[in-house]
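In what follows, a structure is listed as structure tokens, so that the remarks can point back to it.
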């Protein structure tokens, strides 16, 4: 069991060169950066549109199409939230690993470890904030979708009677 955890820690510690800067990034940070870059357009679109695509026009005859697109957007948001959760969990593991390295008495790289630890903590903080924004947008979309379905059902029952 010790070998598996050592191997896992070694996989986390193997740095890869970041192409935009001269800093060294771990695979978790590269993964986190990729996840954040994928989520930025979603967060930006949702904040700009105010989720208007999920609210129908008053005399909209094609309610099924807006409901379908809202459902797809809701599914995409759920996938993005899942990816962001995985990234945050990976960063938390990296943070624990760095703290364990700092606790070792004969560690020569304390300054570099502290810098990396601060960067990991900063990334966790920003991803947690993005997670909260995306969760709120998802909840708003779910509420709009429920209201749209209720409105559509109410019109259907009125037209039947």
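In UniProt numbering, the protein residues as written are 1 to 161. Even for Gly, the Cβ is constructed at its ideal location relative to N, Cα and C.
Exercise. What separation, rounded to the nearest whole angstrom, lies between the Cα atoms of residue 88 and residue 112?
Worked result: Within the chain shown, the letter at position 88 stands for residue 88. Within the chain shown, the letter at position 112 stands for residue 112. Going from the Cα of residue 88 to the Cα of residue 112 covers about 21 Å.
Exercise. Given that a residue counts as buried once 16 or more other Cβ atoms are within 10 Å of its Cβ, and exposed if not, what is residue 128?
Worked result: For the purposes of this step, residue 128 is taken as the residue at position 128 of the chain shown. The residue in question, residue 128, is exposed, as its Cβ has fewer than 16 Cβ neighbours within 10 Å.
Exercise. By how many angstroms is the C-alpha of residue 92 removed from the C-alpha of residue 119?
Worked result: One-based indexing of the chain shown puts residue 119 at position 119. One-based indexing of the chain shown puts residue 92 at position 92. C-alpha separation (whole angstroms): 12 Å.
Problem set entry | Contact under 8 Å by Cβ, residue 81 with residue 138 | Stepping through the chain shown from its first residue, residue 81 is reached at position 81. Stepping through the chain shown from its first residue, residue 138 is reached at position 138. Yes, the Cβ-Cβ distance between residue 81 and residue 138 is below 8 Å.
Exercise. Taking the C-alpha atoms as reference points, what is the distance between residue 149 and residue 77?
Worked result: Looking up residue 149 in the chain shown gives position 149. Looking up residue 77 in the chain shown gives position 77. Cα to Cα, residue 149 sits roughly 19 Å from residue 77.
For this session: Label residue 141 either buried or exposed according to how many other C-beta atoms from any shown protein chain fall within 10 Å of its C-beta, with 16 as the threshold for buried.
Result: As a first step, residue 141 must be located in the chain shown, where it is residue number 141. By the 10 Å Cβ count, residue 141 comes out buried.
Problem set entry | Rounded straight-line distance, which links the Cα of residue 146 to that of residue 153 | On the chain shown, residue 153 is found 153 positions in, with the first residue counted as 1. On the chain shown, residue 146 is found 146 positions in, with the first residue counted as 1. Cα-Cα distance, rounded: 10 Å.
Exercise. What's the C-alpha gap between residue 107 and residue 70?
Worked result: As a first step, residue 107 must be located in the chain shown, where it is residue number 107. As a first step, residue 70 must be located in the chain shown, where it is residue number 70. Cα to Cα, residue 107 sits roughly 53 Å from residue 70.
For this session: Mark residue 115 as exposed unless 16 or more other C-beta atoms lie within 10 angstroms of its C-beta, in which case mark it buried.
Result: Position 115 of the chain shown, counting from 1, holds the residue named residue 115. That one is exposed.
Exercise. According to the Cβ coordinates, are residue 110 and residue 102 closer than 8 Å?
Worked result: In the chain shown, residue 110 corresponds to position 110, counting from 1. In the chain shown, residue 102 corresponds to position 102, counting from 1. Yes, Cβ-Cβ distance for residue 110 and residue 102 is below 8 Å.
Problem set entry | Presumed contact (8 Å Cβ cut-off) between residue 121 and residue 86, rounded CB distance | In the chain shown, counting from the first residue as 1, residue 121 sits at position 121. In the chain shown, counting from the first residue as 1, residue 86 sits at position 86. So it is not a contact: roughly 18 Å between Cβ atoms.
Exercise. Tell me which same chain residues have a C-beta within less than 6 Å of the C-beta of residue 151, skipping the five on either side of it?
Worked result: Numbered from 1 along the chain shown, position 151 holds the residue referred to as residue 151. The answer is none, since no qualifying residue turns up.
For this session: Using three-state DSSP, classify residue 170 as helix, strand or coil.
Result: This structure does not reach residue 170, given that the chain is present from 1 up to 161, and the question cannot be answered.
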